[in-house]
Structure formats: structure tokens, C-alpha cells
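Q:
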Amino acid sequence: MIERDDRREGAGRGVGPAVSDEGRKPRSAAHEIERYGALFAERTRVMKSSAMRDLMALTARDDLISFSGGLPDTSTFAPGFFTELMGRVATGSVAKALQYGPTEGLADVREAIALVMEAEGMTVDPDSILATSGGQQALDLVCKILIDPGDVIIAEAPTYPGAVPTFCSYQADVIQIPLDRDGMQIEKLREALALLDSEGRRPKFIYTIPNFHNPAGVTMSLERRHELLRIAGEREVLVLEDNPYGLLRYEGDPLPTLYSLDSDFVLYTGTFSKILSPGVRIGWLVAPAPVLRQLVLGKGSADLCSSSISQYFIAEYFQAGPWIDYVRSLSELYRRRRDVMLDALAEHFPREATWTHPQGGLFVWATLPDYIDTTDLLARAIEERVAFVPGRAAYVDGRGGSSMRLNFSGVSEDEIREGMRRLGEVVREQVALYSTLTGQAPADRRGASGQGAQPGTAATDERMADVLPLSRKRAG
Amino acid sequence: MSRVAVLKGGRSLERQVSLKSGARVEESLRRLGHEVLELDVDVELVNRLSADRPDVAFVVLHGRDGEDGTVQELLEVLGIPYTGSRVSACIRASDKVLAKHAMRDAGIPTPDFFAFSETAFKGLGAAQALPAISSRLSFPLVIKPASQGSALGIKFARSATDVPTALVAAFSYDRKVLLERYVAGRELAISILEDSGRPWALPIVEAVPEQESFYDFESRYEIGRTRFVCPADLDAVLALKAQSIALDAFNLLGCSVFARVDLMLDAETAELYVLEVNPIPGLTETSLLPQAADAAGIGFDDLIARILAAATV
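Same order as they appear, the protein sequences are chains C and R.
Following numbering that gives the first Met the number 0, the numbering of the first sequence begins with 0 at its first residue and continues without gaps.
Following numbering that gives the first Met the number 0, the numbering of the second sequence begins with 0 at its first residue and continues without gaps.
1) What do you get for tyrosine 316 of chain C, buried or exposed, if any count of 16 or more other CB atoms within 10 angstroms of its CB means buried?
2) To which residues of the same chain is alanine 238 of chain R closer than 8 Å at the C-beta, ignoring the five residues directly before and after it?
3) Quick one, are the C-beta atoms of leucine 73 of chain R and valine 45 of chain R less than 8 Å apart?
4) When you compare each of R:Leu77, R:Gly68 and R:Phe299 to isoleucine 90 of chain R by their alpha carbons, which one comes out closest?
5) Could you tell me the alpha carbon to alpha carbon distance between threonine 311 of chain R and alanine 258 of chain R, rounded to whole angstroms?
6) Which residue spans inside the segment 170-213 of chain R form an unbroken beta strand (DSSP E) run of at least 3?
7) Quick one: any contact between the segment 249-259 of chain C and the segment 106-113 of chain C, if contact means 3 or more CB pairs under 8 Å?
8) Return no unless some Cβ of chain C is closer than 8 Å to the Cβ of tyrosine 214 of chain R.
9) Along the chain, where does the beta strand (DSSP E) containing methionine 403 of chain C start, and where does it finish?
10) So which residues on chain R does alanine 352 of chain C lean against when the C-beta distance must stay under 9 Å?
11) Within a Cβ cutoff of 7 Å, which residues of the same chain sit near glutamine 290 of chain R, ignoring the five residues on either side of it in sequence?
12) Tell me where the alpha helix (DSSP H) around glycine 269 of chain C begins and ends.
13) Which ranges does the beta strand (DSSP E) cover as unbroken runs of at least 3 residues, wholly within the segment 54-103 of chain R, from first to last along the chain?
14) Which same chain residues end up closer than 8 Å to leucine 28 of chain R when comparing Cβ atoms and leaving out the 5 residues on each side of it in sequence?
15) Exposed or buried, which one is alanine 447 of chain C when buried takes at least 16 other CB atoms within 10 Å?
16) Rounded to whole angstroms, how far is the Cβ of aspartate 375 of chain C from the Cβ of serine 171 of chain R, which I believe are closer than 8 Å?
17) For the structure I just gave you, are there three or more beta carbon pairs, one from the segment 385-397 of chain C and one from the segment 178-195 of chain R, closer than 8 Å?
18) In whole angstroms, what is the alpha-carbon distance linking threonine 355 of chain C and serine 11 of chain R?
19) So, for valine 55 of chain R: in the same chain, excluding its five sequence neighbours on each side, which residues have a beta-carbon less than 6 Å away from its beta-carbon?
20) Between the segment 362-396 of chain C and chain R, which residues of the former have a C-beta closer than 7 Å to a C-beta of the latter?
21) Let me confirm a value: alanine 145 of chain R is counted as buried when at least 16 other C-beta atoms fall within 10 Å, else exposed. Which label applies?
22) Quick one: list the residues of chain C neighbouring leucine 12 of chain R, beta-carbon separation under 9 Å, in chain order.
23) Using a 10 Å radius around the Cβ and a threshold of 16 neighbouring Cβ atoms, would you call leucine 344 of chain C buried or exposed?
24) Using only the alpha-carbon positions, how far apart do glycine 269 of chain C and glycine 282 of chain C sit?
25) Which word fits leucine 38 of chain C, buried or exposed, when buried means at least 16 other C-beta atoms lie within 10 angstroms of its C-beta?
26) Please confirm if glycine 438 of chain C has its CB atom under 8 Å from at least one CB of chain R.
27) Can you tell me whether threonine 353 of chain C is helix, strand or coil according to DSSP?
28) Can you confirm whether glycine 68 of chain R, when its beta carbon is compared against all beta carbons of chain C, has any partner nearer than 8 Å?
29) Does any CB atom of chain R fall closer than 8 Å to the CB of tyrosine 433 of chain C?
30) Please list the terminal residues of the continuous beta strand (DSSP E) segment that includes methionine 340 of chain C.
31) Specify, as a first and last residue, the run of the alpha helix (DSSP H) that threonine 314 of chain R falls within.
32) Taking 8 Å as the threshold (beta carbon to beta carbon), is glutamine 429 of chain C in contact with chain R?
33) Assess contact between the segment 360-379 of chain C and the segment 307-325 of chain C, defined as three or more Cβ pairs (one per stretch) separated by less than 8 Å. Is contact present?
34) Serine 171 of chain R touches chain C at which residues, Cβ-Cβ below 7 Å?
35) Hey, how far is the Cα of valine 285 of chain C from the Cα of methionine 419 of chain C?
36) Which residues bound the beta strand (DSSP E) around phenylalanine 112 of chain R?
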């Protein structure tokens with residue numbers, strides 16, 4: 000073995016492959032690693048690939064029932080209608096659809112957006128709307144114009160998993176405020192703000208998903224909406240209201256959006272993703288004029304404009320007729336799927352588990368006993384060909400380890416039943432194993448009576464509350 | 000020039016790493032002038048191999064089915080020459096429990112351990128033995144699935160109260176788990192490569208985590224998370240000893256052509272311990288075997304050419 004060392008001509012015992020390679024083999028693999036590694040910006044340190052991401056990549060397989068997506072069911076859109084709409088784009092606007100468009104978005108699309116917002120009780124001037132490339136770009140643009148490294152963003156705990164990498168990539172200091180059944184706990188928010196005050200800091204914005212929260216499935220109460228806005232007004236802090244699912248309500252009466260209650264300190268973002276198609280990649284932002292001007296500049300520098308083809312498609316779609324009917328048909332479909340999932344949870348999950356009862360949206364948030372790590376559980380679940388999003392993805396600070404996000408909108412009723420049966424099996428197996436290991440008697444399985452959802456909901460509230468109010472992570 | 004089927008991907012939890020490794024190997028094989036068949040292995044594997052009849056199968060699978068002898072057995076049945084270790088060595092090396100027993104019996108140092116199957120707990124009341132296990136090994140313990148190749152499912156137990164949770168996690172990956180004494184110290188990776196039919200230890204790579212206290216799954220495959228030092232800054236006698244132990248482990252398990260042996264150098268006692276032997280180590284941009292070969296003056300293409308040339312039926 001030592002002979003091998005003798006043949007290492009010129010490879011000194013220096014520190015690091017780059018040193019030992021210098022001047023000898025310019026294209027060596029090790030040298031390239033060091034070279035690229037040194038070029039990456041500081042912010043990429045938090046854009047990490049994770050074990051979870053590798054696990055999630057396995058959930059894309061066809062032979063697996065996946066509750067991990069946030070997918071609307073686009074198979075419900077009639078192919079003939081799509082052909083008709085694109086035909087009109089072709090005959091009426093082909094040159095423009097293939098051309099760059101205005102950064103703010105097509106006038107017709109901004110009018111369509113105003114219509115959608117009107118359906119949720121908001122009156123908005125199309126000129127104050129910026130069309131974005133999906134709701135995800137809206138989050139990115141808001142960070143782009145507001146966040147310097149180390150600035151504070153307040154979010155909910157848990158929060159939208161897709162927002163975590165965005166906030167982190169701008170090196171924000173993210174503070175997560177726990178949710179309960181009525182949304183963000185305002186008292187905890189006040190405590191966090193007071194603590195920040197004592198450090199001489201204040202957040203740039205408060206990020207909230209008031210309706211049918213992703214991933215928690217809860218809805219912010221009217222009282223809390225007013226309180227949040229009062230705080231924002233008093234402190235002159237912006238609120239970023241993310242409302243992708245507001246129109247997908249399956250029970251109860253709609254609550255006014257934050258934007259409809261106070262437009263001075265609210266940045267509002269919506270999307271066509273859940274009411275029409277995520278494939279068109281069109282969302283939007285509404286903001287006070289000075290903020291909007293910056294957002295437009297930010298978007299210009301990011302991608303000049305969103306896809307013209309998509310925007311002409313949307314324009315034709317809204318021209319064609321009652322868009323709200325499609326939303327209603329989706330709501331009906333998803334309501335049934337939600338009910339099937341809630342029933343399946345009651346039937347297959349053990350007594351120790353809790354979960355939320357969403358009045359709309361796409362997700363149920365389930366929490367298992369704290370001795371079960373849902374990232375590890377996912378590995379086992381994939382073996383049984385079923386998948387979900389581990390709760391840790393919804394936190395910046397490693398919490399959420401025993402929770403999971405379950406999507407019901409993108410999975411058929413039969414698949415929900417079968418997938419939840421498999422998942423329940425795996426969970427119960429782990430509960431039983433833990434009982435064996437600790438000598439505790441396994442708890443009785445919840446009966447199939449369907450009455451389980453309510454206790455599940457109540458207990459989840461406690462669990463959500465049982466977290467540190469000011470746990471934070473300096474991203475970067 | 001040969002027609003080479005690159006077997007990659009599959010259903011293992013290390014699929015992504017395998018795909019990255021596979022892509023690098025394919026590029027290299029093409030540079031070497033070979034015809035490459037890319038095979039992301041699935042239920043069609045045998046059909047495709049039977050139809051395409053490659054001259055050689057280059058196996059870049061990690062974890063279950065790929066590294067544990069399953070695919071190798073199929074290739075033997077089909078009579079297709081393949082790279083790396085043979086079936087029996089893959090079985091021994093990929094099962095950490097088998098490997099550790101063999102090493103302990105042969106006097107190769109490996110951290111003290113106990114291993115249990117799920118049935119021992121379910122059917123034989125092994126839970127009652129946990130206090131005894133804990134006192135025999137002393138905390139902290141590392142608890143890991145027997146066959147998982149990456150760091151997924153590896154947990155620390157700092158005290159007895161951590162053990163049940165860690166076991167539940169480890170049993171998510173395998174029906175058999177290992178409770179192992181934790182060795183605090185430096186992590187050394189020693190890659191072995193055969194030359195003229197004889198295995199040689201390549202220069203030692205030390206993995207130095209940048210942030211995490213533990214050399215975890217995340218930092219293992221990503222640029223910038225772990226600093227690799229090659230050759231490791233070690234006393235010459237100690238380096239020789241480590242390489243010698245690694246070669247002993249390679250030979251004991253019957254590995255062939257190439258492998259990577261992971262060792263711990265105890266920070267207090269300066270004793271060396273073999274953690275595991277990887278019969279198909281990663282071949283990604285940040286993988287340790289290519290780095291070690293590079294430090295020995297063997298470029299990536301040269302490495303791939305050597306592995307390919309040593310493929311047999």
C-alpha cells in the first residue's frame with residue numbers, strides 16, 4: 000500500500016486537495032471542487048440539498064401514492080376547452096403572445112386578477128397589480144426589495160415549506176410565531192416584537208397565510224386579523240398576505256382578507272395556480288404605490304416579464320366565461336377528497352396522532368407522538384409506496400420533526416383511502432415498537448367511528464402552542 | 000472499445016447520489032471511447048440487459064439491491080461481466096452487522112456493538128436487555144440501520160432515554176439495527192484500488208465538517224459543507240497503520256477491485272477503528288475515492304478505465 004504513496008509525484012502532504020494539485024493537474028476533480036466551492040456566494044451556504052430532498056426525490060415515482068405535492072387536479076380541465084382557448088390566442092394574438100410583454104403584466108390579465116380579488120371581497124385598481132411568475136416569484140421579489148442580510152422576517156410556525164429556502168437565500172433572520180386553531184398567535188407575536196424591540200430591531204415584514212394555511216390547514220380568525228393589522232399599523236410594519244386558496248372553501252363563511260381590511264400596510268399575493276393552473280406560472284402582487292414601483296423594478300431585473308403565452312391564455316380564459324364555475328367544481332371535488340382523508344385519518348391513525356380539520360385549501364397537518372421522526376418515517380413509508388412532506392420542511396430551525404403535511408387535492412378518493420391505510424399501518428407499527436421498547440402498553444387504536452377528527456384537532460392546537468416563541472435561525 | 004451498461008439510480012434511498020455518480024462515470028466512459036448504455040434500474044432491468052447484451056456492466060448503484068449483492072447475482076446469472084466486488088463480498092460488506100462480526104472475529108478493530116432485529120424486540124423481549132446493553136457499551140451510543148449506506152437513520156443516544164426513539168428511527172430503514180459505541184475523533188476514509196491484481200491503499204482522505212458536529216448525510220455529498228483534506232495530516236506511522244487496517248478489512252470481506260473503508264481515529268487514545276466498508280463508494284464530484292485516486296496521480300478517467308478493465312464475469 001505504501002508503494003502507492005511513493006508514486007504520488009509532487010503530491011505533497013499539504014492541507015487540501017487544491018494545494019496538492021497546484022500546477023500539476025489543472026483538470027483534476029478535487030481541484031475543481033475547491034475551485035467552484037470558493038466561488039459560491041455566501042447565500043448558497045443555506046441553499047443546501049438535504050437528506051429530506053433526496054428522500055422527496057423518491058416520492059416522484061409513479062408506483063407510489065404521494066400526499067407530498069401541493070398539486071391541484073389539472074386533469075379536470077377539459078382538453079377541448081384548452082384547444083379552443085389556445086386557438087383563439089393563435090388567431091387573435093399570435094405575434095403578441097410570442098413577444099415580450101409589459102413587466103407589470105398584460106392589461107387584460109391584471110383586469111382578470113382584479114375580478115378574482117373582487118370575488119374575495121377586494122376592490123382593487125388593475126394599475127396597482129403586478130403580475131408575477133407564480134406566487135413563488137412574489138415571495139422572492141418582496142424579499143429582493145426589502146431584505147438585507149440579517150433583516151428580520153416574521154413567519155408562522157409552521158410556514159409554507161417553499162418560503163423557507165426563499166427567505167434563507169436572502170439571508171433573512173426568520174422568526175416563526177406558533178399557530179393554533181385560529182391562526183398566528185398574536186400574543187406570541189407581541190412577545191416576539193417586544194423582544195426584538197429590546198434588541199433595537201424590527202421586522203421588515205410579517206408573512207402570513209391567513210386562509211387554509213399551508214401546511215397547517217388552519218384559518219386566522221377575524222379577531223386576529225384585526226389585531227394583526229392593528230399591530231402592523233402601529234408599528235408601520237408590512238404584512239405579506241399570501242392567499243393562494245381563499246376561493247377553495249369547503250365549509251363555513253369566508254372571512255375578509257387582510258388586504259380588504261387595510262390596504263396601507265398589506266402586500267397581497269395571489270395566484271392562478273390553485274384556481275386554474277400552476278403550469279401557467281402566473282401569480283400576482285398588490286402593494287402600496289411606492290412599494291409596487293420597487294417591485295416592478297425588481298421584476299424587470301429578474302425576468303423582464305412573465306410568459307406572454309401564459310398571459311394570453313389567461314386573458315382568453317377569462318373572456319370565455321364563468322371562471323368561477325370551474326373554481327366551484329374544484330372546490331366540490333377537493334371537499335370530497337378532504338372528507339375522505341379526514342375519515343381515513345380517523346380510521347387508520349393511532350390515538351396518539353392529532354391533525355387539523357381544514358375548512359378549505361389543500362392540506363391536512365398531522366402530528367405524531369414526539370418519539371416518531373417523520374423524516375425517518377418517510378423512508379419507511381416509501382417502502383410501502385406512500386409519501387408525505389416531513390414537518391421539518393416547514394420550519395427554519397429544525398422543529399416540526401414529528402409532524403407531516405398531507406395533500407388531498409391531487410390524489411383520487413380511492414388512492415387517499417389506500418394511501419392512508421398504508422401510512423396508518425406504518426405509523427401504528429412505529430407506535431407499537433416504541434411501546435415495546437419502553438414497556439408502555441400500546442394505546443388502543445382509534446375506532447373507525449369517524450368521530451376522531453375533533454379530538455385530533457383540539458390536541459393539535461396544544462401541540463402547536465407548545466413551542467418556543469422566539470426560536471430563530473440566522474440564515475447565512 | 001466496449002459497450003458498457005452503466006447501472007445507476009434504482010429504488011434505494013441513495014438514488015440521487017447514485018444518479019450523480021452514474022452521470023460522471025458515463026461522461027468518463029464516453030471520453031474513453033466506449034459506447035454507453037444508461038440504465039436507471041427498475042423492473043425492466045433484466046429485459047433490457049438481455050436485449051442489449053452489453054459487454055460489461057458498470058455498477059454505480061448504492062444501497063439496497065445495488066450494493067448488497069442483488070444486482071451482482073443477476074449479472075452472474077446473465078453472464079455479463081461487471082465491475083467491483085463479487086456477490087459474497089457485497090453481502091458481507093453491505094450488512095454492517097455481518098461485517099463487524101467478521102472483523103471482530105479476525106481481530107480487526109471495530110467499535111464495540113450489539114445488533115438486534117426487530118423481531119428480537121417484538122418477540123423476545125429484547126427491550127428488557129436495553130439497560131444491560133447500555134452499561135456494556137457506555138454512552139453516547141450510535142444507533143444505525145444495519146444496511147443503510149448513507150448517514151440516513153443514524154442517531155446518537157446520549158443517554159438511555161434517547162435509545163427507544165433512536166431505535167424507532169433506525170428501524171425505519173432496516174429490520175436489523177446496530178448499537179455501537181461512539182468513537183469521538185477524526186473520520187478517515189481510505190480508498191482501496193487494485194493494481195496488477197493486488198489491492199493498494201490510496202492516500203487517506205480526512206473529512207472535516209465545517210459546521211455540523213457530526214459528519215452527516217447533508218455534508219457528505221454537497222460542495223462546501225465538509226472540507227476534505229487529502230492526504231490527511233497524519234503522523235506517517237499512524238497513516239501506515241490505518242492503511243494497513245483498511246487493507247485487512249478489504250481482504251477479510253473478500254472485496255475486489257475497489258472499495259472505501261471508513262475509519263475513526265479516537266481523539267483520546269489514538270486507536271483506529273473500522274466503521275464500515277463500502278463496496279461501491281460514491282463517484283460524485285465530492286466523493287472520496289476519486290479524490291484519493293487523484294492525490295495518488297490517478298485521474299478520474301484513469302480510475303474508471305482501471306475499474307472497467309478489472310470487470311469480470
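A virtual CB, placed ideally from N, CA and C, is assigned to each residue, including glycine.
Just so you know, these numbers come straight off a predicted model, no measurement behind them.
A: A quick look at the data gives this:
1) A residue is called buried when at least 16 other Cβ atoms come within 10 angstroms of its Cβ; tyrosine 316 of chain C meets this threshold and is buried.
2) Contacts found: Ile203, Pro230 and Ala231.
3) Result yes, Cβ atoms of leucine 73 of chain R and valine 45 of chain R sit closer than 8 Å.
4) Ranked by Cα distance from isoleucine 90 of chain R, the first of R:Leu77, R:Gly68 and R:Phe299 is R:Gly68.
5) The alpha-carbon atoms of threonine 311 of chain R and alanine 258 of chain R are separated by roughly 16 Å.
6) For the segment 170-213 of chain R, whole beta strand (DSSP E) runs of length 3 or above, ordered along the chain, are 175-180, 184-194, 197-200 and 204-208.
7) Verdict: no, contact absent.
8) Low confidence applies here, because tyrosine 214 of chain R scores a pLDDT of 39, under 50, leaving its location unreliable; read the following figure in that light. Chain C contact via Cβ: absent.
9) Its beta strand (DSSP E) spans residues 402-406.
10) Correct list: empty, because the minimum Cβ distance to chain R is about 15 Å.
11) Cβ within range, chain order: Val204, Phe227 and Cys229.
12) Looking at the DSSP string, glycine 269 of chain C is not in any alpha helix (DSSP H); the run it does join, the beta strand (DSSP E), is 265-270.
13) The segment 54-103 of chain R is shown to contain whole beta strand (DSSP E) runs of 3 or more residues at 55-58, in chain order.
14) For leucine 28 of chain R, where only same-chain residues beyond five positions count, the Cβ hits under 8 Å are Val3, Val5, Val35, Phe57, Ile303 and Leu307.
15) With a pLDDT of 37 at alanine 447 of chain C, under the threshold of 50, the modelled position of that residue is not reliable, and the figure given next carries that caveat. That one is exposed.
16) Yes, aspartate 375 of chain C and serine 171 of chain R are in contact; Cβ-Cβ is about 4 Å, under 8 Å.
17) No, the segment 385-397 of chain C is not in contact with the segment 178-195 of chain R.
18) If you take the alpha carbons of threonine 355 of chain C and serine 11 of chain R, they lie about 32 Å apart.
19) The beta carbon of valine 55 of chain R is closer than 6 Å to those of Ser1, Val3, Pro80 and Ala310 in its chain, skipping five residues each way along the sequence.
20) With the criterion set as a beta carbon lying under 7 Å from some beta carbon of chain R, the members of the segment 362-396 of chain C are Tyr370, Ile371, Asp372, Asp375, Leu376, Ala378 and Arg379, in sequence order.
21) Result: buried.
22) Simply Ala50, Asp53, Leu54, Leu57, Ala378 and Ile381.
23) Buried is the call here.
24) Here the C-alpha atom of glycine 269 of chain C lies approximately 6 Å from the C-alpha atom of glycine 282 of chain C.
25) Per the 10 Å Cβ criterion, exposed.
26) So yes, glycine 438 of chain C belongs to the interface.
27) Residue state, collapsed to three classes: strand.
28) Cβ-Cβ to chain C under 8 Å: no for glycine 68 of chain R.
29) Cβ-Cβ to chain R under 8 Å: yes for tyrosine 433 of chain C.
30) No beta strand (DSSP E) contains methionine 340 of chain C, which is instead part of the alpha helix (DSSP H) from 322-347.
31) Nothing about residue 314 of chain R can be reported from this structure: the residues present for chain R run from 0 to 312 only.
32) Closer than 8 Å to some Cβ of chain R, the Cβ of glutamine 429 of chain C qualifies, so yes.
33) Note that the segment 360-379 of chain C does not touch the segment 307-325 of chain C; fewer than 3 beta-carbon pairs, one per stretch, sit closer than 8 Å.
34) Result: Asp375, Leu376, Ala378 and Arg379.
35) Taking the CA atoms as reference points, valine 285 of chain C sits about 39 Å from methionine 419 of chain C.
36) Its beta strand (DSSP E) spans residues 112-116.
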